[in-house]
Structures are given as C-alpha cells and as structure tokens.
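Numbering (the numbering used here), first residue to last: 427 to 952. For every residue, glycine included, the Cβ atom is placed at its ideal position computed from N, Cα and C. Accompanying notes for the structure given below.
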C-alpha cells in the first residue's frame, strides 16, 4: 500500500522538486516514509526559519520553487517570518506542514503543537493555504500551488496534511501537471504603448525584480528607445556595465530627477514599494504621469494610476513591445548622456562611509566574477542597494528591502549554493544579523555547500545606532557584544580568518573559493 505521505514524495518528484528543506518531527514522520527511496535531497536546517530562508534562496538563485517540510504548531510559526519575506519579494515557496488529526481540529483539547486555527493563521501570510482532507485531494492541491508559481506573481503557498490523513491509502495517484502560464500580452495594450513610444523623446525604463529574467530583451528595448534603465535592488545584475544602466536607488534625488525629466516611463516588474522608491521616508517620490506598466500580477497593476497596463511576463511583454515599435522611430534624446549624468550625481549623494562600503562590495564582485551575493541587513548591503552594479542577472538579492527580515543571509545563501552549485556564493552579513541564524552555517558543511560567509563586524547594530543619533535618541540596545566568529566557525569544523584590513578581502575570497569548502571571513570594522 502507498500512503498519502509516500504519494506526496512521488508527486513532488513529478513536479520537478529535487530538494526539500525541513526538520522532521512526530507530526511529519509519515511525510518522510518515501523520502529515503526518492531522488529528492533532504537538507536539515537547525531551525525551521532557516528551512524557509533556504527555500527562498534556492528559489531566487535557481528559478525553481523552494520547498520546506515543517511540523505543525511551532514548526510552522517558526517558518512564518521566511514566508513573509518570500511574499514581500514574490518568491515561489511551498511550505508543507503537518496538522493534528482531523477530528481534533478547532476543539482546543490541548494536543501537542495545537493551534486554535493553523490554516486560518496561514491564510494571512500565504498566497494560498490548503488542507488535504483525503488522498484524492493531494494531486490537485499540489497542482494549484505550482500553477500559481508559474502563471502569476508568486509567493509562499501552504499545504497542511492532518496526521490521520498522512497514513491513508493513496495507490494510483498521478500528478495533475499543467502548463499554466502568465497571460499573453494584450495586443491593444501593446499597440497603445507603441504609440506612446513614437511620441516620446526622453523615455526611461524602471526595472524591478520581475524583470531579472529579461536581460537580453531589456537591453534591446533600452537601446532601441535610447532609454536609461534604473534598477531597483532586485533588478541589479541586469545590463551590467551598459552605458544606459543606472544601478542606483530611486530613493536618491539624482534618480528622481532623471525620472521627473522623462516624458514616458516603462516600469517592468516593479511594485513601486517604498523601500525602493522612498527609502528615506521623505515622501519625495512622485509616480510618473505617463506610465506604461508591465507586471505578471493583475492585482499590482490595479494598485496605482497608470496610462497603459500590460499583464504578462516581463520578457514576453518586452519582446512584444520590440516587435511593435515603428522601424522608422529613432532613439530618444541622449539616453547615454542622461544615464551617465544620473550615475555620477547618484554616486555623489553617497556619504564617504557608504561609498567605502560600496567599494567593499565591488571587491567581492571583482574577486569572484559571476558570484551570487546574498545579503543580510548590514551596512555594506545598505550602501550597495543605493548604488552598485552587479555582474550577473539575479545574482544580487538580500532582505534589506521589503519585509526586511534580519538573519536571512546565511540560510538563504546555503539555499542558493544548493540550487546553483557551480557559482561562487557569498553571504554578506553583519555581526548582529549573523547571530540570528549563525547555527545554520553547519548546514553548509553538512550539505557540501561552499558558501563564503563574509561577516562585517562593527560590534553592534550600527545602522540603528546611527538612526537613533540622527533623531536625537540616546542609543539603547544597539551594542550586543559579538562572539569570536572565527572560533565558532572552527567549532563547527569550518575554516575561518579575521581581516583587519579591507584590502586583504580579495585574497581571502579567492583562497576561500579555491578550497571548495564553506568558510567564514570576518572583517573587523573600527
């Protein structure tokens, strides 16, 4: 007899899942019954939040949904933070949990790991939360999750299976595979956009994380229109080194001036979130009045005023726009000059400290070309989110925008390394954030993920301390004493070194990469 738990593993394989992150418990034992015989690799984090963050990093780097197995109750509540981050950044994540036996649910009888309404709680965080109440429902539940991931703006999906259902017979189940795809670009919207192109003399493109798979098409559109391309944090790596690329935050005055001077703005895969467009909270961002917006989600397109809405995958929409441009239409006015002026003025806005921290990030990029840099909330990440040109599409992501979960970097970097094993993977974290999820470095060793953990140690929450001082608040609670990270790494069996001179970072990175093993590099900051 095949049980529901065993069938789950077979169905996940049919959907292309090759890795799950999870910590088994008494409420999920039956979900593991078929796992050892399957082709799916199981990665055991040290905390369920780590499972979620690893699934997130796996999905962002590899382009496939990340999957986590967690127990009911505390296992699931531990995962909520990671699900919140995935929802904020539109990351496809499937969280499969147990739940107590069907006839006990909602009765408050005091069973182990009991919640009053687990699924009701998850419906507030997940895009979709489903309960499997019989074997026949399992294929459809998984199909709904994977269809959502492939056809609309993704995010976390939750499926719970009661303990009494996990052991039910499930012979003969087959996966309900679908070819769900985003809507094709509307021809009328494309035609209207082409008319706006013809009239524009100073076009501008805003690229967000939804455009990160559209690098080639985006380049051609920018060159055809003569349009500078402003990149939000999650778009960094697109058009690396291109003269039309403006790898700077729309929160900077120079970028806002560039936007204000445009007579047409094409926004591709960006939600206009305040952490990208109003990071200083000064209210200075003004939505462009002549706006073509491309987004895979109809809900996003409905949230702000626009001129033309194109509901589609960014790459497909941009290809349609390229095909619709009048061959006689020339490029806009001095796109290269506008982009260069914006880059120069944006960089000039950085404080000397931020400029220096941004150079440290450039050291990482230049020492390890093609690296995926996974960031936590730490000063060099803040600096580079303001201005930094990465060299790999999708190779720069962090938790310092959107939901802003501290401790994201280390486990997410491990997930990225497992998804893209041939790429150098660098986790850039601070001493404060590193301590949130520090035990997860052991998973890098367990799983053979050669992540390089670069710890920016300024002995506390320096960014928060600065924020307090800026508004006249006497700093309190911002100086937690860090441990000796090198000794901790060595206790886990991971090599480590401490740098007092930032100029030694490239050498240390190259050495770490050459070992093929996880390694901790601590940079002490005065």
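Does the distance from the C-beta atom of residue i to that of residue j stay below 7 Å?
{"i": "residue 498", "j": "residue 516", "result": "no"}
{"i": "residue 607", "j": "residue 561", "result": "no"}
{"i": "residue 491", "j": "residue 520", "result": "yes"}
{"i": "residue 459", "j": "residue 478", "result": "no"}
{"i": "residue 474", "j": "residue 442", "result": "no"}
{"i": "residue 468", "j": "residue 457", "result": "no"}
{"i": "residue 945", "j": "residue 921", "result": "yes"}
Helix, strand or coil, according to DSSP, for residue i in the structure here?
{"i": "residue 586", "result": "strand"}
{"i": "residue 664", "result": "strand"}
{"i": "residue 811", "result": "helix"}
{"i": "residue 848", "result": "coil"}
{"i": "residue 519", "result": "strand"}
{"i": "residue 721", "result": "strand"}
{"i": "residue 464", "result": "coil"}
{"i": "residue 874", "result": "coil"}
{"i": "residue 933", "result": "helix"}
{"i": "residue 555", "result": "strand"}
{"i": "residue 895", "result": "helix"}
{"i": "residue 833", "result": "coil"}
{"i": "residue 627", "result": "coil"}
{"i": "residue 711", "result": "coil"}
{"i": "residue 883", "result": "strand"}
{"i": "residue 824", "result": "strand"}
{"i": "residue 690", "result": "strand"}
Roughly how many angstroms lie between the CA atoms of residue i and residue j, to the nearest whole one?
{"i": "residue 611", "j": "residue 674", "result": "29 Å"}
{"i": "residue 451", "j": "residue 437", "result": "21 Å"}
{"i": "residue 628", "j": "residue 717", "result": "13 Å"}
{"i": "residue 867", "j": "residue 713", "result": "42 Å"}
{"i": "residue 598", "j": "residue 559", "result": "17 Å"}
{"i": "residue 942", "j": "residue 933", "result": "15 Å"}
{"i": "residue 503", "j": "residue 756", "result": "55 Å"}
{"i": "residue 677", "j": "residue 539", "result": "44 Å"}
{"i": "residue 541", "j": "residue 587", "result": "14 Å"}
{"i": "residue 893", "j": "residue 590", "result": "51 Å"}
{"i": "residue 617", "j": "residue 605", "result": "27 Å"}
{"i": "residue 666", "j": "residue 633", "result": "13 Å"}
{"i": "residue 549", "j": "residue 584", "result": "8 Å"}
{"i": "residue 832", "j": "residue 621", "result": "45 Å"}
{"i": "residue 600", "j": "residue 453", "result": "25 Å"}
{"i": "residue 446", "j": "residue 862", "result": "22 Å"}
{"i": "residue 528", "j": "residue 592", "result": "11 Å"}
{"i": "residue 571", "j": "residue 470", "result": "23 Å"}
{"i": "residue 923", "j": "residue 518", "result": "35 Å"}
{"i": "residue 557", "j": "residue 940", "result": "47 Å"}
{"i": "residue 936", "j": "residue 930", "result": "10 Å"}
{"i": "residue 837", "j": "residue 708", "result": "33 Å"}
{"i": "residue 658", "j": "residue 811", "result": "8 Å"}
{"i": "residue 798", "j": "residue 495", "result": "25 Å"}
{"i": "residue 948", "j": "residue 877", "result": "14 Å"}
{"i": "residue 532", "j": "residue 545", "result": "10 Å"}
{"i": "residue 463", "j": "residue 505", "result": "26 Å"}
{"i": "residue 754", "j": "residue 619", "result": "16 Å"}
Kindly give me the distance between the Cβ atoms of residue i and residue j, rounded to whole angstroms, as I take these residues to be in contact under 8 Å.
{"i": "residue 768", "j": "residue 672", "result": "5 Å"}
{"i": "residue 819", "j": "residue 664", "result": "5 Å"}
{"i": "residue 763", "j": "residue 626", "result": "In fact, because the Cβ distance is near 16 Å, the residues do not count as touching under 8 Å."}
{"i": "residue 901", "j": "residue 889", "result": "That pair is no contact at about 11 Å."}
{"i": "residue 720", "j": "residue 743", "result": "5 Å"}
{"i": "residue 882", "j": "residue 856", "result": "5 Å"}
{"i": "residue 800", "j": "residue 472", "result": "Rounded, the Cβ-Cβ distance is 18 Å, inconsistent with contact."}
{"i": "residue 513", "j": "residue 553", "result": "7 Å"}
{"i": "residue 509", "j": "residue 841", "result": "Not a contact, Cβ separation roughly 14 Å."}
{"i": "residue 887", "j": "residue 858", "result": "5 Å"}
{"i": "residue 670", "j": "residue 741", "result": "Rounded, the Cβ-Cβ distance is 18 Å, inconsistent with contact."}
{"i": "residue 476", "j": "residue 846", "result": "Actually they are not in contact, since the Cβ atoms of residue 476 and residue 846 sit about 19 Å apart, beyond 8 Å."}
Would you check whether the ligand SAH has a heavy atom nearer than 6 Å to the C-beta of residue i?
{"i": "residue 798", "result": "With respect to small molecules bound, the structure shown includes none, and the ligand SAH cannot be examined in it."}
Does the stretch 677-687 touch the stretch 770-778, meaning 3 or more C-beta pairs lie closer than 8 Å?
The count of Cβ pairs closer than 8 Å, one atom from the stretch 770-778 and one from the stretch 677-687, reaches three, so the stretches are in contact.
Per the contact definition of three or more C-beta pairs closer than 8 Å, is the stretch 722-731 in contact with the stretch 567-586?
Cβ pair count under 8 Å is three or more, so yes.
Are three or more beta carbon pairs between the stretch 784-802 and the stretch 841-854 nearer than 8 Å?
Enough Cβ pairs lie closer than 8 Å, so yes.
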